[in-house]
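Encoded as structure tokens, the structure appears first; notes follow it.
Numbering (our numbering), first residue to last: 40 to 288.
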């Protein structure tokens, strides 16, 4: 149930269109739905401000379609599906033809993207082009949650002048998601330039000693810049989610 639906119920009580007992029944009915293979949380948006999201990796196309159908039945306006393969997306699209699939980010979106209603804008920056899949997951997540996103890609420390040329955009951000592999230095640089939170997302990009993204993760955790928080390796969704929360506070 969305906050909009809950507010409508409360207004109907005030107008005398619903008795308190009838309203209680509507609020209590199916706060979650058992599908056998999943328990869909329909009250998540009411509690947290952000509705249920489908993590597609490890789920069959039938399971993804079934969960999405349950959400649509409860009037969830935008459904975000992360970590979904192209092959699964093609099958899911047969059940949900309006779904738009973003292959680079492995993200599917059912429903019309909302107009931005955050306080400001979010910058998603990457160290290099190889970081784009994780960055796009972050950017699309933030956009699906009602944020304006400005993308600054391939502005890493190997050519710092590229980032400095965009300094006005960076300094005007409400929040920054900094996505980087290799040594993962980009969030530290940004953290020393801006007065907003920087969300660091380490990426599994680099040669052998990058240890599948662990070196970038440790660099970000040890940043000397204050105001930098760190997501798990390749967790673009988590970065976009937190950025949206900050931009709506």
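Beta carbons are placed, not taken as given, at the ideal position from N, Cα and C, and that holds for glycine.
Short Cβ contact (8 Å threshold) for residue i with residue j
i           : j           : result
residue 106 : residue 77  : yes
residue 177 : residue 275 : yes
residue 217 : residue 233 : no
residue 142 : residue 154 : no
residue 182 : residue 157 : no
residue 123 : residue 145 : yes
residue 242 : residue 219 : yes
residue 117 : residue 150 : yes
residue 95  : residue 127 : yes
residue 196 : residue 225 : yes
residue 91  : residue 79  : yes
residue 269 : residue 239 : yes
residue 252 : residue 180 : no
residue 194 : residue 164 : yes
Residue i, buried or exposed, once every other Cβ within 10 Å from all chains shown has been counted against 16
i           : result
residue 98  : buried
residue 112 : exposed
residue 81  : buried
residue 168 : exposed
residue 206 : exposed
residue 246 : exposed
residue 281 : buried
residue 137 : exposed
residue 258 : buried
residue 260 : exposed
residue 49  : exposed
residue 223 : buried
Segment limits, beta strand (DSSP E) that includes residue i
i           : result
residue 190 : 187 to 191
residue 241 : 237 to 241
residue 164 : 160 to 165
residue 78  : 78 to 80
residue 264 : Here residue 264 belongs to no beta strand (DSSP E), and DSSP marks it neither H nor E.
residue 218 : 214 to 219
Start-to-end residues for the alpha helix (DSSP H) that takes in residue i
i           : result
residue 285 : 275 to 286
residue 228 : 225 to 230
residue 208 : 206 to 210
residue 178 : 171 to 183
residue 255 : 253 to 260
residue 202 : 200 to 203
Nearest-angstrom Cβ-Cβ length linking residue i and residue j, presumed shorter than 8 Å
i           : j           : result
residue 214 : residue 271 : About 18 Å; that fails the 8 Å criterion.
residue 283 : residue 184 : 4 Å
residue 209 : residue 229 : 7 Å
residue 131 : residue 100 : 5 Å
residue 255 : residue 221 : 7 Å
What residue ranges within the region 85 to 154 form continuous beta strand (DSSP E) runs of no fewer than 3 residues, ordered along the chain? 118 to 121, 139 to 141 and 146 to 149
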